[in-house]
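Just below is one structure, and these are the notes that go with it.
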Amino acid sequence: MVRTSALVLFGFFVFASSLASAAAPEAGAAKSIEEASKRLASARAALTAAVQRIEQDPPRGADLDAALVAVEALKDALGAGASFETEDLEYAKSVLAARKQFRTDREYVDERRAKVHIHEFRRRIDGALAPLNERMAKLGGGDPGAKAMDDARAELEALRKLTEEGRPLKAQDPKFAAYLTEVDATIARHEKTLDERWLQVSAQKQRGLLDERRKALSTALTEVNKAWSDEKFGATDKATAALQKQLEEGAPLEAKDKAYRAEADKARAEVTQARRRMEELVVQAGVSRIKVEMGPAHDELVAAAKALRVKRPTPEQLSEAKTAAFVVRKLVEKYDPQAARSQAIAQYLADVKNTLVEVEVALQVRGLDAARAEVIQSLRNVEKRAVTPEQFEEAKTALVVLEKTLETVHAKNPAVSPSAAEARQLLKDGRATLERRRYEVDLTQQRLKVDEARKNAAALVLQIQKEAPSPALLQEAENAVKQIGAVLEVGAPFVKKDRDYAVYAKETKERMAELSDRITRRRIVLSAADARVQLATRMAMTKEKLEAAKGISSTDSDVDTASKGVDEMMQMFETHAELERQDAGYASAAERARADWLKLVEALEFAKQARALRRLTGEALVVASTASEAAASSSDLRKRRELYASAMEKLKACQDDGARMVKENAGLAAVDVLMGGIPTPPQEVMAQCAQKADALREPQTRADVQLRFQEGQRKAYDAAKALLSKGNKTDALTQLNECIAEGRILENRYPQFKDQKFDIGGGSMSMVELVQVCVKERKALKPTP
Numbered sequence: 007m008v009r010t011s012a013l014v015l016f017g018f019f020v021f022a023s024s025l026a027s028a029a030a031p032e033a034g035a036a037k038s039i040e041e042a043s044k045r046l047a048s049a050r051a052a053l054t055a056a057v058q059r060i061e062q063d064p065p066r067g068a069d070l071d072a073a074l075v076a077v078e079a080l081k082d083a084l085g086a087g088a089s090f091e092t093e094d095l096e097y098a099k100s101v102l103a104a105r106k107q108f109r110t111d112r113e114y115v116d117e118r119r120a121k122v123h124i125h126e127f128r129r130r131i132d133g134a135l136a137p138l139n140e141r142m143a144k145l146g147g148g149d150p151g152a153k154a155m156d157d158a159r160a161e162l163e164a165l166r167k168l169t170e171e172g173r174p175l176k177a178q179d180p181k182f183a184a185y186l187t188e189v190d191a192t193i194a195r196h197e198k199t200l201d202e203r204w205l206q207v208s209a210q211k212q213r214g215l216l217d218e219r220r221k222a223l224s225t226a227l228t229e230v231n232k233a234w235s236d237e238k239f240g241a242t243d244k245a246t247a248a249l250q251k252q253l254e255e256g257a258p259l260e261a262k263d264k265a266y267r268a269e270a271d272k273a274r275a276e277v278t279q280a281r282r283r284m285e286e287l288v289v290q291a292g293v294s295r296i297k298v299e300m301g302p303a304h305d306e307l308v309a310a311a312k313a314l315r316v317k318r319p320t321p322e323q324l325s326e327a328k329t330a331a332f333v334v335r336k337l338v339e340k341y342d343p344q345a346a347r348s349q350a351i352a353q354y355l356a357d358v359k360n361t362l363v364e365v366e367v368a369l370q371v372r373g374l375d376a377a378r379a380e381v382i383q384s385l386r387n388v389e390k391r392a393v394t395p396e397q398f399e400e401a402k403t404a405l406v407v408l409e410k411t412l413e414t415v416h417a418k419n420p421a422v423s424p425s426a427a428e429a430r431q432l433l434k435d436g437r438a439t440l441e442r443r444r445y446e447v448d449l450t451q452q453r454l455k456v457d458e459a460r461k462n463a464a465a466l467v468l469q470i471q472k473e474a475p476s477p478a479l480l481q482e483a484e485n486a487v488k489q490i491g492a493v494l495e496v497g498a499p500f501v502k503k504d505r506d507y508a509v510y511a512k513e514t515k516e517r518m519a520e521l522s523d524r525i526t527r528r529r530i531v532l533s534a535a536d537a538r539v540q541l542a543t544r545m546a547m548t549k550e551k552l553e554a555a556k557g558i559s560s561t562d563s564d565v566d567t568a569s570k571g572v573d574e575m576m577q578m579f580e581t582h583a584e585l586e587r588q589d590a591g592y593a594s595a596a597e598r599a600r601a602d603w604l605k606l607v608e609a610l611e612f613a614k615q616a617r618a619l620r621r622l623t624g625e626a627l628v629v630a631s632t633a634s635e636a637a638a639s640s641s642d643l644r645k646r647r648e649l650y651a652s653a654m655e656k657l658k659a660c661q662d663d664g665a666r667m668v669k670e671n672a673g674l675a676a677v678d679v680l681m682g683g684i685p686t687p688p689q690e691v692m693a694q695c696a697q698k699a700d701a702l703r704e705p706q707t708r709a710d711v712q713l714r715f716q717e718g719q720r721k722a723y724d725a726a727k728a729l730l731s732k733g734n735k736t737d738a739l740t741q742l743n744e745c746i747a748e749g750r751i752l753e754n755r756y757p758q759f760k761d762q763k764f765d766i767g768g769g770s771m772s773m774v775e776l777v778q779v780c781v782k783e784r785k786a787l788k789p790t791p
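Just so we're on the same page, my numbering is the position in the sequence shown counted from 1, plus 6.
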């Protein structure tokens with residue numbers, strides 16, 4: 007198998023290789039020869055398997071990518087064990103073989119990838135070439151239309167672009183190179199066909215248009231030959247110009263199409279003949295025909311010129327002159343084409359034009375003078391002290407009118423140039439004046455706005471100093487100060503342009519800072535007064551809550567309420583900490599309140615301990631008494647034992663915890679505990695707890711013995727009887743042994759109750775008697791030796 011060098015493919019596949027390298031995990035150095043050998047063998051095996059998968063035609067894209075990754079993995083494995091190549095001969099041999107495999111398989115993988123790309127490009131080119139061939143075949147007959155030819159040319163360009171993309175692969179496959187050569191030839195052939203077809207269509211279209219223009223010229227000449235009229239002469243002149251223009255548009259086709267060139271030469275000869283005939287007709291008609299139409303208008307124009315020579319013509323005279331000049335100008339434009347064909351007509355039109363120019367120049371000078379007068383008057387109004395925005399707009403409009411008037415006059419005419427020069431200078435000076443006055447007025451208005459904002463802010467700040475202001479009034483004062491800044495921001499451009507305003511703006515900013523400081527100080531004073539009231543109110547409420555918590559009949563809820571009140575006092579101190587640094591009066595009040603608060607904290611702690619003592623002694627004694635009464639009346643042995651245990655636990659806590667609390671805090675000894683509505687010292691309550699506990703020990707023990715007897719000894723005996731009734735002697739013997747064992751345990755643990763009679767289902771029996779019964783029945787079940 008012939009394999010292309012990897013260096014040849016490197017440039018094309020550098021991007022794909024970089025992607026594969028990025029996808030492969032970065033391998034670290036091997037820690038031992040064994041690890042390096044294992045990694046190398048694994049990478050070689052993976053590469054061999056990957057190469058085998060891409061040998062099929064055509065290979066899958068995923069297999070090609072996997073093969074490229076396997077090549078990079080072998081490269082990483084070689085790099086990971088590079089340090090061991092000089093230490094172990096066998097590993098060095100493996101590395102040598104692996105490097106050879108790496109080089110060979112990498113070239114093969116690159117070659118296979120190249121062939122896949124070539125195959126893909128051929129498929130894409132074939133897919134683009136087939137519809138193009140079909141379209142080119144359809145262009146051969148009839149009129150294909152401009153859209154069809156444009157579409158064919160677009161497809162041709164797309165095919166050329168696709169072949170250019172695949173051209174770098176020519177070096178990898180001679181067959182593909184030959185294929186591209188054939189495609190290039192097809193593209194060139196189609197381009198030539200398109201050019202020829204376009205030429206045919208264009209020439210055909212141009213011949214049709216040329217025929218239309220020739221027919222139109224022939225028709226116009228026929229009509230003007232029959233009887234002269236200006237309309238017919240104008241139509242013939244337009245037809246001649248249209249045919250000449252059509253010849254100019256088709257000039258590029260004459261060198262490519264002989265048939266069209268012959269038609270163009272005929273049309274060109276017809277244009278020459280038509281112009282010659284029109285000149286003859288103009289000479290035959292003569293100047294008298296033009297004077298018939300233009301004479302009255304010319305006379306009006308001469309009269310207007312005479313009226314304009316006075317110093318101050320009336321508005322009516324100016325209007326008549328404008329109308330006469332307009333009419334004569336249109337007539338001159340109408341007969342100008344005939345002047346080129348008749349000297350007499352040209353001479354007559356020249357005389358008319360001289361008068362027309364005189365009138366037009368006079369009108370232009372008059373127009374400039376009127377526009378200048380409007381500008382001068384509007385600028386005078388702007389220079390007034392109390393100028394209005396409307397007057398600025400009037401001056402601006404007057405300048406625009408003067409500028410537009412200047413654009414319409416013939417400034418190079420000696421009669422107009424002095425007035426035009428004066429108008430240009432006035433336009434320049436007027437704009438400068440308008441800009442200067444606009445700046446001055448804007449600056450004055452800006453200062454007035456700042457003054458107004460300052461006065462408003464100062465009045466509001468003064469108002470909040472004299473009375474107890476509402477939050478809305480304080481906010482209004484702050485907004486008024488901010489409004490000064492907003493107005494100054496609008497006038498910021500004046501700071502760089504006007505020194506006086508810059509000084510004024512600086513002084514205003516200082517005034518803003520002063521007003522803001524006064525508002526801040528006023529807020530602090532008001533906040534301090536409000537905070538002092540809050541402190542006093544909160545302190546009084548907390549004291550009331552604490553007194554309730556200290557009462558003999560207080561509850562846990564009362565203590566929690568007092569505790570929350572103390573915590574809220576602390577939060578109030580923290581909330582107003584900044585205010586203490588800002589206001590000395592509040593700081594003094596807060597210091598006194600903090601001292602009182604510390605006393606409240608101590609009193610609260612004592613109230614908590616007193617409440618805990620009452621709960622552990624008096625309330626515990628009540629709960630224990632209730633539980634013992636419930637136990638005595640309960641028929642459920644388990645519940646009875648639990649109630650006695652709960653009562654004993656409460657009584658023990660009453661004695662132990664109560665004594666501990668009194669020992670830790672001697673002041674608690676003076677705290678009264680409410681017992682039956684009577685205040686009682688805690689020592690007496692604890693003594694009652696001890697007496698109650700002594701009284702409950704015997705019934706508690708009895709309840710425990712009864713429960714253990716019923717659930718232990720008796721339960722085993724009943725189970726043995728049930729098993730014997732079923733003939734199960736073995737399990738019955740086990741239960742009898744359990745009965746004896748449980749009875750011995752109860753007898754030893756509770757000797758005072760060994761003769762106590764217990765209910766055993768219709769009768770009564772002591773634990774000792776039940777043991778004897780179980781022993782007797784066990785003997786009966788044991789086999790005789």
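For glycine and all other residues, C-beta sits at the position ideal for the given N, C-alpha and C.
Local conformation of T320 per DSSP, three classes:
T320: coil per DSSP, three-state reduction.
Taking the alpha carbon of G682 as the reference point, which residue from V628, Q706, A676 has its own alpha carbon closest?
Selected option, being the one with the closest Cα: V628.
Pull up the distance between the alpha-carbon of E597 and that of E574, whole angstroms please.
In this model, E597 and E574 are separated by some 16 Å (Cα to Cα).
Could you spell out where the alpha helix (DSSP H) holding T543 opens and where it closes?
That run of the alpha helix (DSSP H) goes 505-556.
Go ahead and label P420 buried or exposed: buried means 16 or more other beta carbons lie within 10 angstroms of its beta carbon, across all protein chains shown.
Counting every other CB atom within 10 Å of its CB across the protein chains shown gives P420 a total below 16, marking it as exposed.
Does the beta-carbon of E484 have 16 or more other beta-carbons within 10 angstroms, so that it is buried, or is it exposed?
Burial of E484 is indicated by the presence of at least 16 other C-beta atoms within 10 angstroms of its C-beta.
Quick one: residues in its chain with C-beta nearer than 6 Å to the C-beta of D564, no 5 flanking neighbours on either side, listed in chain order?
Excluding its 5 nearest sequence neighbours in each direction, D564 has C-beta neighbours in its own chain below 6 Å: A554, A555, listed in chain order.
Can you tell me the Cα-Cα spacing of A492 and A498, whole angstroms?
Computed Cα separation, rounded: 10 Å.
A709 and R646 closer than 8 Å at C-beta:
Cβ distance < 8 Å, so A709 and R646 count as in contact.
Do A226 and A245 have their CB atoms nearer than 8 Å?
The criterion of a C-beta distance shorter than 8 Å is satisfied by A226 and A245.
Going by the beta-carbon positions, is the gap between T514 and L494 smaller than 8 Å?
Cβ distance < 8 Å, so T514 and L494 count as in contact.
Do the stretch 131-140 and the stretch 62-79 touch if we need at least three Cβ pairs shorter than 8 Å?
Between the stretch 131-140 and the stretch 62-79, the count of C-beta pairs closer than 8 Å stays below three; the two stretches do not touch.
What's the gap between the Cα of E171 and the Cα of D156?
Distance between E171 and D156, taken at the CA atoms: about 23 Å.
Determine the direct distance from the alpha carbon of K418 to that of T242, and round the result to whole angstroms.
In this structure, the straight-line span from the alpha carbon of T242 to that of K418 is close to 37 Å.
From what residue to what residue does the beta strand (DSSP E) around I684 run?
I684: member of the beta strand (DSSP E) spanning 684-686, first to last residue.
Just to confirm, is the Cβ distance from M654 to F715 under 8 Å?
No; because the gap between Cβ atoms is not below 8 Å, this pair is not in contact.
Which residues bound the beta strand (DSSP E) around L680?
Segment 679-681, the beta strand (DSSP E) holding L680.
Across which residues does DSSP place S770 in a beta bridge pair?
According to DSSP, S770 bridges with D765.
Below 6 Å CB to CB, which residues in the same chain sit around G436 once its five sequence neighbours on both sides are set aside?
If we look at G436 and ignore the five residues flanking it on each side, its Cβ neighbours are V381, L385, L405.
Report the rounded CA-to-CA distance for P65 versus A55, giving the unit in angstroms.
The alpha-carbon of P65 is positioned some 14 Å away from that of A55.
Does K37 come out as helix, strand or coil in the three-state DSSP assignment?
Three-state DSSP puts K37 in coil, outside helix and strand.
Do L776 and K735 have their C-beta atoms closer together than 8 Å?
A distance of 8 Å or more separates the beta carbons of L776 and K735.
Using a 10 Å radius around the Cβ and a threshold of 16 neighbouring Cβ atoms, would you call L314 buried or exposed?
Buried is the call here.
When the distance is taken between beta carbons, is L249 closer than 8 Å to R219?
Note that the C-beta distance between R219 and L249 is below 8 Å.
Do L730 and A738 come within 8 Å of each other at the CB atom, strictly closer than that value?
The answer is yes: Cβ separation under 8 Å.
For K328 and L369, which I take to be in contact (beta-carbon distance under 8 Å), what is that distance rounded to the nearest angstrom?
That pair is a contact at about 6 Å.
DSSP-derived helix/strand/coil call for A693:
Judged by DSSP in its simplified three-state form, A693 adopts helix.
Which of the three DSSP states, helix, strand or coil, is assigned to V407?
Judged by DSSP in its simplified three-state form, V407 adopts helix.
I558 classed as buried or exposed, judged by whether at least 16 other C-beta atoms fall within 10 angstroms
So I558 counts as exposed.
Please return the same chain residues whose Cβ sits closer than 6 Å to the Cβ of A35, not counting the five positions on each side in sequence.
For A35, where only same-chain residues beyond five positions count, the Cβ hits under 6 Å are A86.
Assigned exposure category for R223 - 16 Cβ within 10 Å defines buried:
First, the residue type needs correcting, since residue 223 is Leu and not Arg in the sequence shown. Within 10 angstroms of the beta-carbon of L223 lie 16 or more other beta-carbons, which makes it buried.
Just verifying my parser: in three-state terms, what is the DSSP assignment at A427?
Of the three classes helix, strand and coil, the one that applies to A427 here is helix, per DSSP.
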